[in-house]
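Protein chains in written order, with the working numbering: chain A, 1 to 313; chain B, 314 to 626.
There are 2 protein chains.
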Amino acid sequence: MSVLALAGGVGGAKLANGLAAILPPGTLTIAVNTGDDFTHLGLTICPDIDSVTYALAGLNDTVRGWGMADESWAFMAALRDLGGEDWFNLGDRDLATHVLRTHLLRDAPLSAVTADLTARLGIKQAVVPMSDDPVASIIESDRGDLNFQDYFVRYQCAPRFHAIRFAGAAQARPAPAILAALDDPALEAIILCPSNPILSIGPILAVPGMRERIAARRVPCVALSPFIAGQAVKGPAAKIMGELGLPTTPATVATHYAGLIDGLVVDDADLGAGAPVGVAFHGTNILMRDPADQQRLAREVMAFARTLAQAGP
Amino acid sequence: MSVLALAGGVGGAKLANGLAAILPPGTLTIAVNTGDDFTHLGLTICPDIDSVTYALAGLNDTVRGWGMADESWAFMAALRDLGGEDWFNLGDRDLATHVLRTHLLRDAPLSAVTADLTARLGIKQAVVPMSDDPVASIIESDRGDLNFQDYFVRYQCAPRFHAIRFAGAAQARPAPAILAALDDPALEAIILCPSNPILSIGPILAVPGMRERIAARRVPCVALSPFIAGQAVKGPAAKIMGELGLPTTPATVATHYAGLIDGLVVDDADLGAGAPVGVAFHGTNILMRDPADQQRLAREVMAFARTLAQAGP
């Protein structure tokens, strides 16, 4: 049996790490958002691929919540002395990933480079960029069109969110390993990790063919709500939903994923809000504070998917 | 009055720093060897420009003898974890220079980028690459042709030196600021810093027009011996001279620079060896242990050059 998971940044990386731990090696494919990727100081930076990779390699910083553990910042201090752009923090250890990836990308596509780097770190599941073709998330805001990292890091999500579009998406194809996972006869479930549905899962689904292939594949598709008691666990999801006039409820998430998902895992605190027609809800404690939480939730998600498979479409 | 100095790595950087300190701001042009430059992990690395820059900015490590003071190595450790090439050490702080320079080189030539970076560090004299065109020092050795950093760092100068050649030199031109310094009517002296005559000053003189313009300019040209009592102060100069069958004496240096220099500053310990015809020797203590030594030697070099000017050609 095999599983395909779609993941964005930190929240997605947590569940992906749980799934990676409970599933046999080589049976999980994690399709990761690359709409956040950008070139900074000439380096190709893939924040979501790195969040997933560092989590699966056990290198992620769990206190700060992003980047690598035991990180240091001497590069940034020296860059500042040189008058370089310092709005995007690059840790000394993290920088090794960016430099090596940028170097390897001269001769190989991002999916091959990612497979190479994750293997070097001992990761036994497949971390795959959503596409080898560049797709850039552009935030349409009250300050005009913003590159994703300008919106997210430079302006700390302060601009009012109007819409998101995906530059280059029309010409993009899903990465080969994702197509292979979707075509795998052993595929058992498709999991949409608890990442921001608009900013993180949205770009993956915007790659032509991705949404259609997921919807057409007759295996349970389960999403996880990123909300607990009407609040986002992390990040700007609640702020954006508010700016779009949408309630921060599981129903909003279920509606957003309508036609795609069979089930939604929601926090017990939100179970009372009720499920829309056609989507089964499973309530549990969705907060993941440590690897034990991640694995417990991953097991519940897989068990829920299996009940949906038995129930049939 | 103005001064042009030719410098390679650490020894040259020391005298250049002394000259920079004793000469009024804006009157010293330091033409720096770029034959050592190379691309590593996609980054453009200019070891001699950095040695000179860090020395003039007071950022150089005086104990280790190369790179930046207060350096850390977290990037290298992470790079090693990723299986990246680790034979060339890149400090976390040093890396800011390489990343920013590589980024800026997309839009400007090396001399403009170097002027920019040195200005940001508060350097008031001109640090100028010998050329904006790529010139690569290739070491012909008993292990075949080696890129300079392979010879110098990877193999620690162990291969037997046969000859050096300069790939790309035929198409190279001196950097504009060096031509301007050579044409400056106020030019008072040309100083060949105590860098390796073959490996470090050699590439600069190999840029077409450089040697001829220096020889044609009727101001005193003074070199400094890199030897003390038959030993190189630092680096492989003595080993190379031995492999070429040349004695490590001031006379060898004077002969190497024949037709170019009017005077040679040598260590008192080597004064007895005698000067060849046409080159005046000045004996002193040439060891530079600290900035005070650097400035004292710089003053002596300038005073020696002025006596040569009075003596006339």
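We put the beta carbon where it would ideally sit given N, CA and C, even for glycine.
- Between the alpha carbons of A108 of chain A and Q125 of chain A lies a gap of roughly 20 Å.
- No Cβ of chain B is located within less than 7 Å of the beta carbon of F148 of chain A.
- Around the beta carbon of A542 of chain B, a 10 Å sphere encloses fewer than 16 other beta carbons of the protein chains shown; the residue is thus reported as exposed.
- Per DSSP, the beta-bridge partners of N60 of chain A are A:M68.
- R530 of chain B and L332 of chain B have their C-alpha atoms roughly 20 Å apart.
- Sorting B:T410, B:T352 and B:N598 by C-alpha distance to the C-alpha of T366 of chain B places B:T410 at the top.
- For chain B, the residues of the stretch 59-75 of chain A that bring a beta carbon within less than 7 Å of one of its beta carbons are S72, A74 and F75, in chain order.
- Its chain contains A318, A320, I504, C506, P507, L537, M601, Q607, L610, A611 and V614 as the residues whose beta carbon lies nearer than 8 Å to that of L328 of chain B, once the 5 sequence neighbours on both sides are disregarded; these appear in chain order.
- When CB distances to chain A are screened at a threshold of 8 Å, the residues of the stretch 330-361 of chain B falling below it are L354, G355 and L356, in chain order.
- Taking 7 Å as the cut-off, the beta carbon of L573 of chain B is found no closer than this to the beta carbon of P563 of chain B.
- Assigned with DSSP and collapsed to three states, F479 of chain B falls in strand.
- At the C-beta level, L408 of chain B and F388 of chain B come within 7 Å of one another.
- DSSP places D37 of chain A in the coil class of the three-state scheme, outside both helix and strand.
- Counting C-beta pairs closer than 8 Å gives three or more between the stretch 425-439 of chain B and the stretch 357-366 of chain B, which meets the contact rule.
- The continuous beta strand (DSSP E) containing A31 of chain A extends over residues L28 to V32.
- Under the three-state reduction of DSSP, T562 of chain B is assigned to coil, being neither helix nor strand.
- With a threshold of 7 Å between beta carbons, G11 of chain A makes no contact with chain B.
- In terms of Cβ geometry, I164 of chain A and S137 of chain A form a close pair [threshold 7 Å].
- With the criterion set as a beta carbon lying under 8 Å from some beta carbon of chain A, the stretch 575-604 of chain B has no members that meet it.
- As DSSP reads the structure, N460 of chain B sits in a beta bridge with B:I451.
- Of the candidates A:Q171, A:R101 and A:T252, the residue whose Cα lies closest to the Cα of I49 of chain A is A:R101.
- What L117 of chain A touches in chain B, judged by beta-carbon distance under 8 Å, is L395, going in chain order.
- Taking a Cβ-Cβ threshold of 7 Å, none of the residues of chain A is close to R467 of chain B; the smallest such distance is about 17 Å.
- E525 of chain B counts as exposed, since fewer than 16 other beta carbons sit within 10 angstroms of its beta carbon.
- When beta bridges are read from the DSSP output, V323 of chain B appears opposite no residue.
- Taking each of B:M523, B:P472, B:Y570 and B:D350 in turn and checking the Cα distance to A485 of chain B, the smallest one comes out for B:M523.
- Boundaries for G202 of chain A: no beta strand (DSSP E) harbours it, while the alpha helix (DSSP H) harbouring it runs G202 to A206, taken from the DSSP string.
- N346 of chain B is a Cβ neighbour of I517 of chain B, given a cutoff of 7 Å.
- Relative to S131 of chain A, the option among A:D116, A:G168 and A:R160 whose CA is nearest is A:G168.
- The beta carbon of I22 of chain A sits closer than 6 Å to those of Q295, A298 and R299, all from its chain and outside the five residues before and after it, given in chain order.
- Relative to the Cα of A391 of chain B, the nearest Cα in the group B:H416, B:D497, B:D405 and B:G378 belongs to B:D405.
- Counting only runs that start and end inside the stretch 264-294 of chain A, the beta strand (DSSP E) elements of at least 3 residues fall at 280-284.
- Here I343 of chain B really is in contact with V441 of chain B; their C-beta atoms are around 7 Å apart, less than 8 Å.
- Pairing G558 of chain B with D581 of chain B gives a Cβ-Cβ distance that is not under 7 Å.
- Around the beta carbon of D496 of chain B, a 10 Å sphere encloses fewer than 16 other beta carbons of the protein chains shown; the residue is thus reported as exposed.
- Taking all protein chains shown into account, T561 of chain B has 16 or more neighbouring C-beta atoms within 10 Å of its C-beta and is therefore buried.
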